[in-house]
Structures are given as C-alpha cells and as structure tokens.
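Worksheet: the structure to be examined is printed underneath.
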Amino acid sequence: MTPVYMAAGDIPTPHIEYGRLAPVLIVLGAACVGVLVEALAPRAQRYGLQVLVSVVGLVAAFAWTIALGIGDQPHHVAAMGAVGVDGPTLFIQGTILVLALMSMLLIAERRHEDSPFTAQASTVPGSPEERESLVAGLVQTEIYPLVLFAVGGMLIFPAANDLLTMFVALEVMSLPLYLLCGLARRRRLLSQEAAVKYFLLGAFSSAFFLYGTAMLYGFAGSVRLSEIAAAISKQGGDEPLLLAGVALLSVGLLFKMGAAPFQAWKPDVYQGAPTALTALMASCTLVAAVGGVLRVFYVGLETLRWDWRPMMWAVAILTMLVGAIVAITQTDVKRMLAYSSIAHGGFLLTGVIATNKAGLSSTLFYLAAYGFTTVGAFAVITMVRDAGGEAGHLSRWAGLGKRQPLVAGTFAFFLLAFAGIPLTSGFTGKFAVFQAAMAGGAMPLVIVGVVSSAIAAFFYVRVIVLMFFSEPLADGPTVSFSPATATAVAVGAFVTLVLGVIPAPALHLAQSAANQLFVR
Amino acid sequence: MTAADLVIVLLGVVAVGAGVLVVATRQLVHAALWLVVSFGALAGSYLVLTAEFVAWVQVLIYVGAVVVLLLFGIMLTRAPIGRSEDLDSGNRIVALVVAVATAGVLVTTLVRGFRSAYVPIKDRVGSGSSHTLGGSLFQTWVLPFEALSVLLLAALIGAIVLSRTDIGGAGPEPEEEEPEPRRRPAAPRGTVARRLGTARRRATPDDEDTIVLSRVDEEI
Amino acid sequence: MSETHVLAEGATLNSFGHDPWWIIGLKALVVFVFLLLTVLITVWAERRIIGRMQLRPGPNRAGPFGILQALFDGIKGALKEDIVPRGVDKVVFFLAPILAAAPAMVSFSVIPWGGVVSIGGHKTPLQLADLPVAVLLPLAMASIGVYGFVLAGWSSMSPYALLGGLRSSAQVISYEIAMGLSFVAVFLFSGTLSTSEIVAAQAHGTAFKVAGMTLHTPSWYAVLLLPSFIIYIFTMMGESGRIPFDLPEGEGELVAGYHTEYSSLKFMMFYLAEYVNMTTLSALCTTLFLGGYRAPWPITWFWSGANSGWWPVLWFLIKIWMFTFFFIWLRAALPRVRYDQLMKLGWKVLIPVSLGWILFVSVVRALRNEHHDVGPIMIVAAIIVVLLLIASFLWERVSASEAQPEEAEAAAEQDPMAGGFPVPPLDAPHYHGVGNGRAPNSAEATRA
C-alpha cells in the first residue's frame, strides 16, 4: 500500500441530515422508482404503478414536512450548509407538495382513456405514425417521473442556502418542465412551440442567474447567502460587482416568476402546454420561484435593501399593470389566466418588498391561497371541451352558465377570488399583502396594486357576464366530468372559500412559520 | 509581467478572437471549429492557473464530446461546404450593439471589481488539484452535486421521451395488436446507414428527406 | 530484493521538473523517433504475422525478412500524386490528417518507459512529462483525434467519407466513456492519476486476511481489477478502430471510410495515426494494468537488479509488443462486427458493467478504509455474481427456446423471389438480435 493511497482517504464524509432533507429525498426517490417502473414493469401496468408511486411519494413527503414543522422549532441549515430548513421553507414546501398533488390529479386524468399528454412524443404532428400511436392507445408514462423530478427541484429551490444549490435546483425544476410543455395531446405544434420558447428563454435567464452568481462570488468570496449578507454589511453596498451581480441575479429570479419585463414567455407557455401542466406551473413553479426570491432578498440581500428597493418597486408596479391591462385584450382563457398570473406575481412582489415579518407571512399566505385557486381554475378549463379538445377561445364559453350552472358558477367563483372580492381567499391574501406593504412604507405600491386589481376585476367580471348573461351557443362545448378533475376543482373551491371566510387559522400558520424568518 | 501573465493574456486573446469568429464566420462547420479553438484556449488558461484537472476535463468534455456532438448534429442535418448566405440575421446590427454594450458593462464591472485583487499563482499550487476539487465537491457541495446527477437523469429520460419511436413496437400486450391493416413496423434501432435504408424503403421519394432527417436525428 | 531499493528506482511526481532543457528535448525526440520506428516495424510485423497465420510468407524481398518493405511502402506512398478532390473545404481537408496524427503522438508523452536513470550526470525519469492528472491526457487527446476523422469525412465531399467519419466519431466517443470508466477502479486503488505513481503503486500487492490466512493481492491491476482490464481491452479495440471494430473504414460498405478521398502524404498520416494509436493504447494499458516498466514477478524473484538502470525499458517494450501482437492476432482471427452490435456492446454491456464494477470496487474500498474485514464480503459477492451469471444464462436459454417458433414462422413468411427478383429479407428479427420484432413480409416491402 503506497503512502499516496493513504492520503486519498483523508476527505471526511460529509454530514447529511437525512431526516431534515427527507421531503426532497422522498420525492426524488419516488422519481427514481418511477424510472425503474418505466424500465421494468410491463407496459400495461405502468400507468397504474406510476400514478401510485407519484401519489404515494408526494403524500409521504407532505406528511414528513408536517412532521418536521410540528416537531421542533425548525431553524437549521442542513447538508453542509447547502439548504436551510426553517419555518417559511417548510410552509412553502408543504404548499408545493399539496398543489403538486392536486395537479397530479389532472395530470393522471384519463378522460375516456384520453390522457392530457401525447401518446408518443417522438412522432411528427400530423404524421401517420402519430395516428397509429393514438389508435394503438399508447401512453407516455415517463411524464410521472419527470413531474416528480420537477417537483423535487421546486422543493430544493426555496430551501437553497447558497446560490449554487439554487442554480442546480432551478435547472432540476425547469428542465423537466421545458420538456413536459411540449407533450400536449392536442394542438401539438402550439405545444412544441411553447416548449421551445420556454426552453430558449429559460436557458437565457439561467445564464443571467449564473452570471449574477459569479459576480456576487467575486464580491463576497462565497456563494453562501449568509456570507454575501455579511460581506455587504462589512464592505458597504456600492461596489459595482455587487450591484451588477444583484441585477443579473434578479433578472434570473424574476424571469422564473414571470415578472415584467421578463413575462413574455408566460402567456405562450401557459397556452401551449397541456392544461394539467399549466396548472402545475401556475401554482407550484410560482410558489417555488417566489420562495427563492424571498430567500435571496430576505437573507442574502437584506442589508442592501435600500439599493434594490427602487428597482423592485418599478418591477412590481410594471408587473401589476402589464398583467392587468394586457389581460383585457385576451380572447383565450388560458392566456387570460396567464396574464392574471403575471399580475398576481406583482402583488406577491409587494409583499417581498416589505422585508419584514408581516411581509413574509402575508406572502406565504397569498402563495397558498393563489395556488389553490389557480389549480382549481385550470381544472375547470380542462373540463369544458369541444370536439377538438379544450374550448380555449372565450367566445366558446358564452352562455355556459345557463347550460352548466355548477361548473360555470365554480369558475366564476375562482375568477372572483382572482379579482380579490371579499369572502374569497383572494381578498384575504391581497389585504394581508397590502397591509404589510403599507406597514413597510410602500404606500404608492399599494395604490397601484388596488388600481390594477380594479382593472383586473373588469375582465374577470366580463368573463362572468359572458358565461351567465349571453345566449348559449348551439354547438357549444360540453362539460366532461370525471372524478379526479372534479376532486381537484372541489378542493380548490373549498380552500378558496375557507381561506376567504375563516382565514384566521391559515394566517396564524403563516405567521408562526414566518416568525423566525429564514435561517442564515 | 511574468511569463504566466503573458501566456494567459495571449490565451485570452485567442479565446476571445475565436469566439468572435464563431459568430462572424459564414461557414457553419467552421463556426463549430472556432468554438473548439475557444474552448481549447480556455483550457489553456486553466492550465496556467494550475487547475490541471479542470483543464483536462474541459478538453475532454467540451472539446471532445460537446462540440463533436454539435458537429455530428450539423453534419446529419445540413453541413454545406463553403459559405451559407442565410446564416446572417437581419437583426445583426442590433445584436452587435447589445453584445458590445453587455461586454462593455461586464468588462468594466470586472475590471473595477478585481483591479486591486491579485493572487500569486505560486501560493496556490495544488488548489486546483483533483484532490482539492474532490474534497470540496464531496464535502461542501455534496447536495448540489447529487442534485446535478438527478438533473442529468431527468435530461436522459427527457431525451428518451422525445426520441424513442419504438415504444409502440409490437409487444405482447393485446392493446397493441395491429389496429389497421397497413400498419408499418416500428423503426428498428440500427446504424445511420441502416436508418437511411429503412426510411427509404418506407417512404415515397417526395418525403424522403424529411423522414431521413427525423429518423437520423434520433440517433444523436 | 529490498523494498527501499525498488522504491528508490521508481519515479514519482517529484522527480519531474528538474531536467535541463536538452534532456527534455532529447526525450521528446526519442519519443518521436521511437513512435515512427515502431510504426514501420509494426506494419511489417503485421503483414508477416498475418501472412504466417494465413499460411503464406508475407513480404520477404526487401531487405532481410522483408523488413524494409514498410519503409519502401512509406516512401512510395509519400511520393504519390496528392489528389485534392474538387469542391472540398481545403483548409479543413489539410487540417484533418494532422488532427488525427498529432494527438496520438502527444499521448505518449505521459507514458513512463523506465525508472530514474542517469543521463550525462543528471538523474532523470524515463518519461517525457508527468502531471497529477496525467491519465486524463490520453483520454483528452483521443477525443481531439476524433476531429481528424470527423473533419476528414466532412471536408472531402463524399457520402462514403461522411458516413465513415460519423461512424468513427460515434464509435470513439462511445468507447471513450467505457474506457474512462475502466480507469476509475485503477484510480481508486492507486489513489492517483499520475502515470508514474500508478506504476509505483503496482510494485507491491496489499496484504489482506481471508479466514485467518494472510494473503497478498497480486500487484498488477490486470489481475486485481480483472473486469476493468477486460473492459479496457474491449475499449482499446474500439478506440483504435481496428478489426473487429473497424466500422469507420469498413471497406465492404464505405470503400475506405473517412479517408476515402485522401491520397499520398495525407493518407499516410491517417495510416500513421492508426498505428501510433495502437502503440499508445498498448503502452497505456501496460502502464495502468501490467505494472508499467516493472519486471514481471518470476524475474524479480531471482534477479534483484531487474528494475534498476535501463533494464525496465526492455520489460516495457516486451509488454507493448505483446499487445501489438494481440492486435495483429485479432485482426487475423476475427470478422468485423455490425455497427449496431458495436454500439450495443459499448452502451449496453461495457458501460453498465463498468458502472457496476466501480460500485463494487468503491464499496470494497470504503469498507477497507473503515477497517472492516472485506474477505467474507468478497466471497459472498463472488458467489452472488456467479449465481446471477448462471441465472441469466438459463434465462437466455429459456427465452431463446420460447422465441424460436416465432422466428421460424417469420422466416416462412418471406418470399425469396418477390417481384421476380431474388431479394434478401430487408428486416428480419435476427438483425436485432432478438426474436420479438415482427418481420415485415416482402410484399409489404415492395409496396413501400
């Protein structure tokens, strides 16, 4: 045995807190099991097994998250400082897991043996091979592990305690989503276009993120958020490296959120992607992205807040206005909800700007409330169908309230929640966020927020009027019920109502989660 | 200025010059080759900075695999010898302005940020060794490292989803019995040449090219 | 033979970087000349040996035993007309042969061909250069060499050459992965990536205990890490692009593959690259698996000076030539595989087996680092492996016998005289190596 060999043994084993990382590990483990199922199980059983694995994985991870939350006061860094396990993170992770579970109901939907995803992704749209694969009843069951990979990335993203982990998590969550966007069963060209657009712009924003990370590393000598904060308070905040780094990093993060002026991908992607996946992106990805934004700005750049606040003010105002105003001209339901999601991103940013406990807890509450409502709304969209698939164009929804009062009523309820009408969760969320922003001295922001809410309410109400007060179309869309989707809609509506009528328990939960802020 | 300084400046000039040529050349394959030169010069810079492991891995992965696969893709789709006139975009003036402005901002920032920072290489010999690198990868960065392997797995699955045509291949399940009389057999896996043969056999002359390409793309 | 004596002779990383410039220059020159001479001799030896194996004399006119034949062939080849086809990309066309030949030569610079010797009063290791990550250099150079093939194929405006170039790049990249993986176990055991230290690490086996007995593991990694060695041998064949893996230039399908359009000196460069590559791969294998320049054990028993002075060069050359002979022997003995078989072997056999083996090796290593007794674990693992092998063999047999009737049926469907002409079946199950693919009958084939 040579001395060289002995020297090789001196890298100590890293210390990993498996218990605290368990939710992430369970989801990623379930994804790996899904890959094995894909490789080993006979084709006929794969669908059932995959759904089982995914649901069990998500439920188990959620249960573990709750156990972590009620066990001890969670306020630790884990895995050699790579992730933080603390109140806000657990709240965000729990929200992501529940919303992913709801979206999974839509993803796993097989309406008349008809999955929302393409039968065989490799076939050229419109080709005979595509027709054959449809006739043969093939299913692309690889989507389940891919969804789980994405969810795993979403869980790491808001927990990441350094920018490198955050970047890797960003990619883990984005890459499967890029792909899944292109797998719609109907209107495949549109879907593939959405995927390419999302991929290109996403890769671009990742480059921004990386560049910002590199500059912050140059400034602080570390990518760890706490050390960046320490370096800022030590060296002062007017270094060009620091400011350029913060700007580039913010571009990367705000892109993922879909905040203006980086919102361009959102309508196209939300429209082109399979609606079940749009539900996942609109809820879970947004929650994860806002979680990441919160952590970066609350932990890493907190001491620099007087420098980034003006920028974030501008972004928030622009986002709210663009989302609300452009939505008015939309004629496609999914596009309209995409712009509504942009506007909501703006409302969320007002909570971020507050940089205090109230801001954090109200943002957390808003995220949960908005997530449930949006999954429910997209679930309703999957139910209203034409011969060629979902009835996307708004004119097709005319008079739906007279033919299908229950479905149209639920959708109207979701829209009212988006608009922030009292007795819905949207009202409570907005109220909390604006209150926090006001306490943080951001009065103009609140005014812009209220104005853009009013603008947004206009087009939500317009859809409601269209559904209930115009004549039904002769060949109007039908509503196809199925247990899974109906469950998702029901849960979404129930939570939207409960958070609107008796918000105190959920608000209290968010407050206690935000009590200690993020771990450093 | 020491010899190392001089070498790194020269390598930087080569890297940047080759990078400019990647964008400026009108020949598709030459662009890929200039990219190789740029990557190579970068590897040289790593060597000068005593990061030997990173340097050779740069050659191995970027020069040896990534660009070769890029070339592979170009050659299987279209790789004309000589100039292609359609490589220019109408936005090239705007692109130039944006690129120069970005480069200006970044370079100014970096110069201002690091002007006073100076680390003598001699003190840091061994800081780029495989031992140091392994130590930091498997100690501090173990979680991102493992997450990266998850990312690669996801990418692998994604590539399979996008490219595999034979998932509908005749299997034992009844649902996959021949649905219509003229069903074609699933494309067999095989060589590029065999793919060419398969596609030719299955297609009419008109759509031959597109089918060949779609089949061949999957091999990459 | 005392241990200190042997260790003093072996070079380590510290032995490098002290040479005067003329020794470095001399070493570089020697490496270059050695490689050129080896190519000449290998070409001659190959023709003689293959001749013998095919019961014919081989070249025997030029010089004693025809030994000058390769030299004359080389001169003739270089003096031939240099044809540059019309429409080629001239720069790349010229660059490609250089890109193929130069990296193969550079790789040799990290190969140790002896211990520390004294040249003109300077103590110097018989090795041009060593790095802490030296083994990565041959891998990196092999991947640069790919450019030679792929660019030659592209720039010569010929579909044969293009397909040959693409095939070769795909082949080399695929086999390089498995090759890199086969090195990993060596790195794990030697704890270094430096070639001279890997040779030093193979000087002695490690002691371990099985059931109370103290045993010494063999010192050569070829024995200790047999699976890695076998995988390397396969990948070596794949990397060199020689029979049975000479698909890139399969003359039956692609004329001469990527160098179809090349002539004269440029063609000779490709020729040179192939043979230099062969030598480099043999030398690398010797270094990593066969104890490098160290004398094999029966000799060291009765001759303690076998590893001192210039003698190691002799052992090194003997080991290299064993491999070269092996290459030639295979060429005489084996047919060419099909391209899909090649890829299947690379991706579905060599890489997974490598990964599994690395996993096993690192588990053993980790257990030993924590001072567990690995003897019983190894025995259990060996039994499990044997059982798995038997099970998979039986499974193959069972599934093969199940598949047979289907194949017979498919064969019966084919009409050998479809359309009035004798046609071979276009797609038959055995082309894929399995019996479950449905063979289209020829009626369908003619319809398309």
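Chains as they are written, first to last, in my numbering: chain A, 1 to 520; chain B, 1 to 220; chain C, 1 to 448. Where is the CB? At the ideal position from N, CA and C, for every residue including glycine. What you are looking at is a predicted structure, and each value in this text was computed from that prediction instead of being measured.
6 Å Cβ shell around residue i - same chain, five flanking residues per side excluded
i	result
V22 of chain B	A31, W34 and L35
A170 of chain B	Residue confidence for A170 of chain B is low, a pLDDT of 40 falling below 50, so the modelled location carries little weight and cannot support an answer.
V186 of chain C	Y221 and L288
A95 of chain B	none
A244 of chain A	M215
A60 of chain A	I26
Same chain, Cβ closer than 7 Å to residue i, neighbours up to 5 away in sequence not counted
i	result
S340 of chain A	G323, A327, F418 and A456
G114 of chain C	L126, Y293, W310, P312, V313 and F316
A134 of chain C	V110, L193, S194 and T195
I243 of chain C	L330, R331, L334 and R336
T123 of chain A	E129, E130 and S133
When the options are compared against residue i, the one with the closest alpha-carbon
i	options	result
P227 of chain C	C:S190, C:A178 and C:L68	C:A178
L101 of chain A	A:G292, A:H508, A:L148 and A:L242	A:L148
G71 of chain A	A:I502, A:R20 and A:P483	A:R20
E171 of chain A	A:G182, A:F459, A:L189 and A:V151	A:V151
S38 of chain B	B:L49, B:I74 and B:V67	B:V67
V33 of chain C	C:A129, C:Y339 and C:F108	C:F108
P97 of chain C	C:Q54, C:I144, C:V337 and C:S354	C:I144
A100 of chain C	C:L131, C:G87, C:V88 and C:A140	C:A140
I317 of chain A	A:L286, A:A437, A:E142 and A:L190	A:A437
M157 of chain C	B:L162, B:D5, B:P80 and B:G90	B:P80
V9 of chain B	B:T109, B:V29, B:L49 and B:R26	B:L49
G34 of chain A	A:Y18, A:V51, A:V24 and A:P23	A:V51
H344 of chain A	A:A121, A:P23, A:V461 and A:G371	A:G371
Cβ-based burial, residue i [other Cβ within 10 Å; buried from 16]
i	result
W297 of chain C	exposed
S399 of chain C	exposed
P376 of chain C	exposed
S54 of chain A	buried
L58 of chain A	buried
F494 of chain A	exposed
T478 of chain A	exposed
V591 of chain A	Since the first residue of chain A shown is 1 and the last is 520, residue 591 of chain A is not available in this structure.
R46 of chain A	buried
P174 of chain B	Bear in mind that the predicted position of P174 of chain B carries a pLDDT of just 38, short of 50, making it unreliable; the figure below should be weighed with that in mind. It counts as exposed.
W22 of chain C	exposed
E370 of chain C	exposed
Cutoff 8 Å; reference residue i; Cβ partners in own chain excluding five residues on either side
i	result
A513 of chain A	G69, G87, P88, L90, F91, S361 and L364
P116 of chain A	L106, I107, E109, A184, R185, P274, T275, A276, L277 and T382
Y46 of chain B	E52, V54, A55, Q58 and G128
Paired residues, beta bridge with residue i - DSSP
i	result
E390 of chain A	A:R385
V276 of chain C	Looking at the DSSP assignment, V276 of chain C forms no beta bridge with any residue, so it has no partner.
D86 of chain A	A:H75
V479 of chain A	A:V384
K452 of chain C	Because chain C here runs from 1 to 448, residue 452 of chain C falls outside it and cannot be looked at.
F117 of chain A	A:A184
R111 of chain A	A:D114
R224 of chain A	A:D162
D332 of chain A	A:H393
Check: What are the complete alpha helix (DSSP H) segments, minimum 4 residues, inside the region 128–175 of chain A?
Finding: 128–135 and 143–159
**Study point:** Inside the region 335–364 of chain C only - alpha helix (DSSP H) runs reaching at least 4 residues
**Key:** 339–344
Report task. Write down every uninterrupted run of the alpha helix (DSSP H) in the region 163–204 of chain C whose length is 4 residues or greater and which is fully enclosed by it, in chain order. Result -> 195–201
Unbroken alpha helix (DSSP H) runs of length 4 or more, entirely within the region 62–126 of chain C: which are they? 69–79 and 90–107
Checklist entry - At what residue ranges does the region 452–503 of chain A contain a whole run of the alpha helix (DSSP H), taking only runs of 4 or more? => result 483–501
Quiz item: Can you give, in chain order, each stretch of the alpha helix (DSSP H) that sits fully within the region 388–426 of chain A and has at least 4 residues?
Solution: 400–403 and 405–419
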